[in-house]
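Below is one structure, written out as structure tokens; the observations come after it.
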Amino acid sequence: MFESAKFIISKLAKDRTSLVGACLIAGLILIALFAPLLAPYPQDVTEFHPPERLLGPSMSHFFGTDRMGSDIFSRMLFGARITIAIAVIAIGVSVLIGVPIGLIAGYNKNWISDGLMRVSDIFLAVPQIILAIAIAQTLGPSIENVILALSATYWPFWARLVYAETRSALTETYVEASIALGASPFRVMVFHVLPNISSSIIVRTTIGMGGTILTAAALGFLGLGPPAPSPEWGRTIAESREFLPEAWWYATAPGVAIFLVVMGFNLFGDGLRDILDPRTRRSHDG
Amino acid sequence: MKVKKTDGSDTILEINELSKWFPITNAWNRKTGDLKAIDGVSLAVNKGEILGVVGESGCGKSTLGKTIMGIHKPSSGSINFEGGEVAGLNPSQSRKLRKRLQYTYQDPGSSLDPRWKIGRSLDEPLKIHTDLSKEERFERVREILDAVNLPEMHLELYPHEISGGQQRRVGLARILTLHPSLVILDEPTSGLDVSVQATILKLFLDLKKKFDLTYIFISHDLSVVRMMCDRIAVMYLGKIVELGPTEAVFKSPRHPYTQSLLSAIPEIGGGRVTENFWLEGEPPDPSRLPSGCSFRTRCPFQTQQCALEQPTLVNRAGDRWDACIHSRKTFS
Amino acid sequence: MGDALLSVENLHVSFSTENGVAEVLDGVNLSIQTGEIVGLVGESGCGKTTLARSILGILPKNSAKISDGSIVFDHQNLLDMQEQDVARDIRGRLITFIPQDPFSSFNPVFTIGAQIMDLMKWKYSKQQSSWFALRARKAERENHFRRVLELLQTVQLPDPEGILRKYPHEVSGGQRQRIMIAMALLPEPRLIIADEPTTALDVTIQAQILKLLKRLARERNVSVIFTTHDLGAAYEICDRVTVMYAGQEAESASVDKFFEKPRHPYTKSLLGSLPSKSGGLKGIPGQIPALINPPSGCRFHPRCSLASEDCITRRPQVNWPSDDHMVRCYHPKIYD
Chain A
3 MFESAKFIIS KLAKDRTSLV GACLIAGLIL IALFAPLLAP YPQDVTEFHP
53 PERLLGPSMS HFFGTDRMGS DIFSRMLFGA RITIAIAVIA IGVSVLIGVP
103 IGLIAGYNKN WISDGLMRVS DIFLAVPQII LAIAIAQTLG PSIENVILAL
153 SATYWPFWAR LVYAETRSAL TETYVEASIA LGASPFRVMV FHVLPNISSS
203 IIVRTTIGMG GTILTAAALG FLGLGPPAPS PEWGRTIAES REFLPEAWWY
253 ATAPGVAIFL VVMGFNLFGD GLRDILDPRT RRSHDG
Chain B
2 MKVKKTDGSD TILEINELSK WFPITNAWNR KTGDLKAIDG VSLAVNKGEI
52 LGVVGESGCG KSTLGKTIMG IHKPSSGSIN FEGGEVAGLN PSQSRKLRKR
102 LQYTYQDPGS SLDPRWKIGR SLDEPLKIHT DLSKEERFER VREILDAVNL
152 PEMHLELYPH EISGGQQRRV GLARILTLHP SLVILDEPTS GLDVSVQATI
202 LKLFLDLKKK FDLTYIFISH DLSVVRMMCD RIAVMYLGKI VELGPTEAVF
252 KSPRHPYTQS LLSAIPEIGG GRVTENFWLE GEPPDPSRLP SGCSFRTRCP
302 FQTQQCALEQ PTLVNRAGDR WDACIHSRKT FS
Chain C
9 MGDALLSVEN LHVSFSTENG VAEVLDGVNL SIQTGEIVGL VGESGCGKTT
59 LARSILGILP KNSAKISDGS IVFDHQNLLD MQEQDVARDI RGRLITFIPQ
109 DPFSSFNPVF TIGAQIMDLM KWKYSKQQSS WFALRARKAE RENHFRRVLE
159 LLQTVQLPDP EGILRKYPHE VSGGQRQRIM IAMALLPEPR LIIADEPTTA
209 LDVTIQAQIL KLLKRLARER NVSVIFTTHD LGAAYEICDR VTVMYAGQEA
259 ESASVDKFFE KPRHPYTKSL LGSLPSKSGG LKGIPGQIPA LINPPSGCRF
309 HPRCSLASED CITRRPQVNW PSDDHMVRCY HPKIYD
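Protein chains in written order, with the working numbering: chain A, 3 to 288; chain B, 2 to 333; chain C, 9 to 344.
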């Protein structure tokens with residue numbers, strides 16, 4: 003029954019959809035790592051060749067060229083790096099902020115926990131993307147500000163999730179037993195509650211990656227992300243608008259890239275949830 | 002405040018007028034009344050004895066165990082353990098207490114963290130309460146494992162990888178690492194197959210001797226209680242209705258509820274319960290108890306007097322107590 | 009053996025699990041006469057619940073397999089019948105069921121009355137979809153209602169009409185079990201299968217329910233299969249007791265003989281480990297085996313002091329040392 007890494011991997015391998023998701027994610031990581039080697043025109047991230055602008059897909063340019071004549075395929079590969087960086091850091095930071103807050107709020111039953119949860123409620127009441135836009139707009143377009151905007155709007159989600167899970171974990175008999183044995187609140191939270199809610203967090207993280215990437219791309223599309231000539235995917239779609247529908251490859255390439263990456267995370271996250279979430283686990287006894 | 006002094010031997014635990022009331026709220030979160038899970042319970046436990054607490058669902062025996070243990074905070078009353086008052090301590094004070102007063106859970110499997118190896122669960126109490134080094138802790142754990150007859154390789158297993166009976170032993174072992182003096186056993190044989198039950202009960206007795214323990218044995222299984230306990234307290238709807246030495250109570254129960262409870266137990270080889278069993282109906286709604294004696298609505302001996310006053314636990318003779326104004330010596 | 013109402017012969021049932029195939033019933037025999045109350049006792053994993061469910065035909069379809077044997081009810085082999093015929097004619101009509109946990113048999117969001125009336129309409133309506141027989145259907149509904157009330161009174165429920173208006177969680181365990189008994193008696197069955205019906209109940213309520221069930225079964229001449237791990241409850245209510253161990257039936261005798269003069273070593277050990285006044289805690293050394301790779305031959309042999317070569321090689325055949333006493337053992341002794 004148990005969640006050792008080996009077990010999880012073997013279960014995942016049997017589930018075709020999560021295998022597809024895992025491949026997509028692996029693909030994204032590999033591309034991000036080896037972009038300089040894989041891109042036929044790595045210099046096109048910064049260089050431009052106006053005479054070759056807006057050429058359609060061909061053998062030398064798989065996805066054609068953009069308005070500056072740069073090879074879109076190569077730029078997409080480098081764009082993967084930006085996407086991963088934003089997603090990983092934004093989620094990482096929001097988890098690091100939100101989880102401890104959720105734990106503390108869940109353990110205490112006083113004004114501290116109420117206060118923390120009301121603050122999260124306020125943040126959660128505003129649509130994430132609107133808030134992110136406001137923050138990014140105020141601070142100016144850059145990759146760091148996108149990450150900041152995303153983290154600042156995402157931590158309450160983790161706080162609320164962990165709060166609910168902590169509250170429920172505290173009713174478990176083994177937690178009660180530990181407290182009865184004299185365990186301090188810190189020990190209970192860190193060594194008993196946290197490991198037992200970790201699978202929830204991991205699953206939501208994976209599924210959340212997809213949404214975060216989408217929001218980051220939206221911010222890029224609105225011009226709030228890293229400025230030109232950054233090959234960020236959302237920005238590229240924005241650039242392509244004035245050249246549609248003739249230069250269809252210009253928007254399709256980044257669009258397909260975003261689609262594949264988000265779907266990859268969603269499929270993988272679903273598969274992970276089916277294994278880790280006890281509620282959806284099928285029982286074989288009786 | 003009545004103190005139940007018994008035969009002069011060392012009293013390890015004394016409870017006086019202990020109550021735990023749970024508020025009942027309606028759909029709008031307004032308090033509409035109290036569920037008196039335990040109400041004015043007074044009891045003294047002697048060092049070295051096994052005191053049985055019996056009763057059916059809703060009688061409050063489990064709540065009593067948890068309140069003594071400090072899992073619930075008492076609504077009123079006092080709990081005096083080894084000379085010190087322990088009701089309503091703050092968490093850090095009560096933590097020190099945990100070394101001497103411990104509790105086993107009805108479902109032993111769920112009292113162990115499913116993600117922790119058993120070795121780690123056994124190590125935890127020592128880590129919390131002692132300054133022993135890793136090797137010394139390991140030695141103690143091995144000692145305890147030996148005392149409960151579990152093989153050392155269990156230390157590397159997870160709770161779900163061992164049987165229910167073994168889980169129970171692990172739960173016991175974990176408590177014993179702290180060398181408590183009083184252990185509250187909450188339904189220690191529930192869910193066990195009959196053949197395993199005997200082994201566990203024998204283990205309890207062995208451990209009692211080895212570690213010089215006193216037990217409060219909470220159970221609904223009267224045949225087990227009869228065999229294991231020195232004295233027995235019978236509870237009904239939050240109150241103790243009878244208290245005394247086990248054999249004496251079983252042979253001649255004085256409270257009508259005790260009598261019906263004991264007569265409901267099938268006795269293999271004896272007459273059949275179903276022939277003569279007289280108790281009808283069900284216990285009343287605990288949030289709306291009848292006035293006076295809570296048993297009077299089902300009692301064949303009830304009189305007008307029973308509705309007027311709430312009977313208290315009265316010492317009849319020797320060590321026998323009961324809470325019935327018509328307490329009889331024998332039931333025919 | 010006379011004209012048995014139900015005769016299970018050589019039933020083999022296996023379950024496929026993640027870890028392999030478990031042989032849950034290993035060629036089990038059981039027979040019940042009309043009007044008899046038979047107890048099926050045993051510890052966890054003995055197969056009593058599986059046997060009960062096999063008779064009803066409610067084993068999980070995907071994992072359970074009946075590989076051999078017959079279940080002959082009223083001269084018909086249930087295993088040869090089509091599922092829809094069993095569902096229509098047998099289950100819920102001639103053979104009814106009282107489950108262990110009555111709470112989960114009820115849908116918590118509907119009143120008890122609504123669920124019972126729904127069942128009646130579905131199961132016992134003569135005209136199921138006739139559009140034109142509105143008045144006939146109304147009369148039929150009133151008829152059903154009356155019958156239900158009658159039965160609820162028979163099971164000594166105070167205020168039957170009030171009970172019908174309540175939700176499942178508003179009724180106590182003992183009351184729910186009485187309702188289940190009433191439902192089980194409603195179609196006037198020949199056989200009731202009661203699966204641990206009093207296990208979850210307090211001992212005083214258990215005494216009431218056992219008394220009720222015994223009386224009603226006798227009055228209506230209904231056979232009962234009563235599964236339990238509580239030997240005391242079996243002693244109270246049963247005419248005959250069959251004990252099972254790890255998927256094999258070990259001994260079957262009239263209730264007094266079973267408890268006073270058992271012949272199978274397992275029965276003897278089991279009775280010996282019951283708590284008794286005389287003290288002496290005697291368990292049975294060893295553990296109940298897993299059913300995925302069970303011991304060969306007689307599955308009790310690893311824990312039996314009388315085990316011999318035969319016991320390990322082949323399962324003992326059915327043996328009738330006296331008229332109403334069956335043992336499957338190579339070394340039966342009269343213990344008393």
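Glycine residues also receive a C-beta, built at the ideal position from the N, C-alpha and C atoms.
Compare the C-alpha of Leu150(A) against each of Ile135(A), Ile277(A), Ser62(A), Leu118(A) and name the closest.
To locate residue 150(A), count along the first sequence from 1; it is residue 148. Checking every option, the nearest Cα to that of Leu150(A) belongs to Ile135(A).
If you run the structure through DSSP and keep just helix, strand and coil, what is Pro246(B)?
Indexing the second sequence from 1 puts residue 246(B) at position 245. Strand at Pro246(B).
Buried or exposed: where does Leu186(B) fall if 16 or more other Cβ atoms within 10 Å of its Cβ makes it buried?
As a first step, residue 186(B) must be located in the second sequence, where it is residue number 185. Leu186(B) is buried by the Cβ-count criterion.
So, helix, strand or coil for Asp35(B), using DSSP?
The sequence position of residue 35(B) within the second sequence is 34, counting from 1. Residue state, collapsed to three classes: strand.
On a CA-only basis, which of Lys97(B), Ala318(B), Pro267(B), Leu65(B) is nearest Lys21(B)? Give me that one, please.
For the purposes of this step, residue 21(B) is identified with residue 20 of the second sequence, where counting begins at 1. Of the residues Lys97(B), Ala318(B), Pro267(B), Leu65(B), the one whose Cα lies closest to the Cα of Lys21(B) is Leu65(B).
How is Pro53(A) classed by DSSP in three states: helix, strand or coil?
Here residue 53(A) is taken as the residue at index 51 of the first sequence, counted from 1. The answer is helix: DSSP assigns Pro53(A) an H, G or I state.
Pick out the complete alpha helix (DSSP H) segments inside the segment 257 to 318 of chain C, 4 residues or longer, and give them in chain order.
263 to 268, 273 to 280
If you compare alpha carbons, which of Thr178(B), Phe218(B), Leu290(B), Arg31(B) is closest to Ser101(B)?
Residue numbering aside, residue 101(B) sits at position 100 when the second sequence is read from its first letter. With the sequence shown as reference, residue 101(B) is identified as Arg, and Ser is not the correct amino acid for it. Looking at the Cα atoms, Thr178(B) is the closest of the given residues.
So, for Met70(B): in the same chain, excluding its five sequence neighbours on each side, which residues have a beta-carbon less than 7 angstroms away from its beta-carbon?
Working through the second sequence from its first residue, we reach residue 70(B) at position 69. Contacts found: Leu102, Tyr104, Ile185.
Could you please tell me which residues of the segment 273 to 296 of chain C, in chain order, have their CB closer than 8 angstroms to any CB of chain B?
Ser277, Leu278, Leu279, Ser281, Leu282, Pro283, Ser284, Lys285, Gly287, Leu289, Lys290, Gly291, Ile292, Gln295, Ile296
In terms of residues, what are the limits of the alpha helix (DSSP H) holding Trp160(A)?
Taking the first sequence and counting its residues from 1, one reaches residue 160(A) at position 158. Where Trp160(A) is concerned, the enclosing alpha helix (DSSP H) starts and stops at 145 to 172.
Relative to the C-alpha of Val42(B), which candidate in Ile241(B), Thr12(B), Glu144(B), Leu158(B) has its C-alpha closest?
Against the second sequence, residue 42(B) aligns to sequence position 41. Put simply, of Ile241(B), Thr12(B), Glu144(B), Leu158(B) the residue whose alpha carbon is nearest the alpha carbon of Val42(B) is Ile241(B).
Can you list, in chain order, the residues of its chain with a C-beta nearer than 8 angstroms to that of Gly23(A)? Leave out the 5 residues immediately preceding and following it.
If you number the first sequence from 1, residue 23(A) lands on position 21. Cβ neighbours of Gly23(A) beyond the five flanking positions: Met265, Gly266, Phe267, Asn268, Leu269, Phe270, Gly271, Asp272, Gly273.
Between the segment 101 to 113 of chain B and chain A, which residues of the former have a C-beta closer than 8 angstroms to a C-beta of the latter?
Gln103, Tyr104, Tyr106, Asp108, Ser111, Ser112, Leu113
Leaving out five residues before and five after His194(A) in sequence, what residues of the same chain have Cβ atoms less than 8 angstroms from its Cβ?
By 1-based counting over the first sequence, the position of residue 194(A) is 192. Non-local C-beta neighbours of His194(A) in its own chain, meaning closer than 8 angstroms and more than five positions away in sequence, comprise Ala171, Tyr176, Val177, Ser180, Ala185, ordered along the chain.
Starting from the beta carbon of Thr175(A), find every residue of chain B whose beta carbon is closer than 8 angstroms, and list them in chain order.
Numbered from its first residue, the first sequence carries residue 175(A) at position 173. Residues of chain B passing the Cβ test: Tyr106, Asp108, Ser111, Ser112.
So the alpha helix (DSSP H) Thr85(A) belongs to, where does it begin and stop?
Position 83 of the first sequence, counting from 1, holds the residue named residue 85(A). Unbroken alpha helix (DSSP H) run through Thr85(A): 74 to 109.
Give the residues of chain C in contact with Ile269(B), contact being defined as C-beta atoms less than 8 angstroms apart.
Here residue 269(B) is taken as the residue at index 268 of the second sequence, counted from 1. In chain order: Leu239, Gly240, Tyr243, Phe267, Leu279, Leu282.
Is there a C-beta anywhere in chain B that falls below 9 angstroms from the one on Glu227(C)?
Here residue 227(C) corresponds to residue number 219 of the third sequence, with the count starting at 1. No Cβ of chain B is located within less than 9 angstroms of the beta carbon of Glu227(C).
Would you call the CB atoms of Ser96(A) and Phe188(A) closer than 9 angstroms?
Working through the first sequence from its first residue, we reach residue 96(A) at position 94. Working through the first sequence from its first residue, we reach residue 188(A) at position 186. Cβ distance not < 9 angstroms, so Ser96(A) and Phe188(A) don't count as in contact.
At what residue ranges does the segment 179 to 246 of chain B contain a whole run of the alpha helix (DSSP H), taking only runs of 4 or more?
195 to 212, 223 to 229
Pull up the distance between the alpha-carbon of Asp286(B) and that of Thr26(B), whole angstroms please.
By 1-based counting over the second sequence, the position of residue 286(B) is 285. By 1-based counting over the second sequence, the position of residue 26(B) is 25. As the crow flies, the alpha-carbon of Asp286(B) is around 15 angstroms from that of Thr26(B).
DSSP state of Ser333(B), grouped into three classes?
Here residue 333(B) refers to the residue found at position 332 when the second sequence is read from its first residue. Unreliable placement is indicated for Ser333(B), whose pLDDT of 42 sits below 50; the coordinate value is still reported in the next sentence. Residue state for Ser333(B) is assigned as coil, using DSSP reduced to three classes.
Anything in the segment 56 to 77 of chain B with a Cβ closer than 7 angstroms to a Cβ of chain A? List those residues in chain order, please.
Listed by position along the chain: Met70, Ile72.
From the beta carbon of Glu178(A), is the nearest beta carbon of chain B less than 9 angstroms away?
Within the first sequence, numbered from 1, the residue matching residue 178(A) stands at position 176. Cβ-Cβ to chain B under 9 angstroms: yes for Glu178(A).
At 7 angstroms on the CB atoms, spell out the chain C contacts of Phe212(B), in chain order.
The residue given as residue 212(B) occupies position 211 in the second sequence. Within 7 angstroms Cβ-Cβ: nothing; Phe212(B) doesn't reach chain C, min ~19 angstroms.
With 9 angstroms as the threshold, decide whether the Cβ of Ile176(B) is near any Cβ in chain A.
Taking the first residue of the second sequence as position 1, residue 176(B) is located at position 175. Nearest CB-CB separation between Ile176(B) and chain A: below the 9 angstroms threshold.
At a CB distance below 7 angstroms, what residues from the segment 185 to 210 of chain C approach chain B? Give them in sequence order.
If the cut-off is 7 angstroms between Cβ atoms, the segment 185 to 210 of chain C has Asp210 near chain B.
Determine, using beta carbons only, whether Phe75(A) and Ala255(A) come nearer to each other than 9 angstroms.
The residue given as residue 75(A) occupies position 73 in the first sequence. The residue given as residue 255(A) occupies position 253 in the first sequence. Cβ atoms of Phe75(A) and Ala255(A): closer than 9 angstroms.
Starting from Phe36(A), follow the beta strand (DSSP E) in both directions and report where the run begins and ends.
Position 34 of the first sequence holds residue 36(A). No beta strand (DSSP E) contains Phe36(A), which is instead part of the alpha helix (DSSP H) from 18 to 40.
Distance, Cα to Cα, Ala240(A) vs Gly29(A)?
Taking the first residue of the first sequence as position 1, residue 240(A) is located at position 238. Taking the first residue of the first sequence as position 1, residue 29(A) is located at position 27. Between the alpha carbons of Ala240(A) and Gly29(A) lies a gap of roughly 25 angstroms.
Please state if the CB of Leu199(C) and the CB of Ile233(C) are separated by a distance shorter than 9 angstroms.
Position 225 of the third sequence, counted from the first residue, corresponds to residue 233(C). Position 191 of the third sequence, counted from the first residue, corresponds to residue 199(C). Taking 9 angstroms as the Cβ cut-off, Ile233(C) and Leu199(C) qualify as a contacting pair.
Count the other CB atoms, across all protein chains shown, that sit within 10 Å of the CB of Asp123(A); report buried if there are 16 or more and exposed otherwise.
By one-based count along the first sequence, residue 123(A) stands at place 121. The C-beta of Asp123(A) has fewer than 16 other C-beta atoms within 10 Å across all chains shown, which makes the residue exposed.
With DSSP collapsed to three states, give me the class of Asp147(B).
Translated into the one-based positions of the second sequence, residue 147(B) becomes position 146. Asp147(B) falls in the helix class under three-state DSSP.
Taking a contact to mean a Cβ-Cβ separation below 9 angstroms, would you say Leu165(C) touches Gln183(C) in this structure?
Here residue 165(C) is taken as the residue at index 157 of the third sequence, counted from 1. Here residue 183(C) is taken as the residue at index 175 of the third sequence, counted from 1. Result yes, Cβ atoms of Leu165(C) and Gln183(C) sit closer than 9 angstroms.
I want to verify the contact list: residues of chain C whose CB lies under 9 angstroms from the CB of Phe278(B), in sequence order.
Here residue 278(B) is taken as the residue at index 277 of the second sequence, counted from 1. Here the neighbours are Thr212, Ala215, Gln216, Leu218, Lys219.
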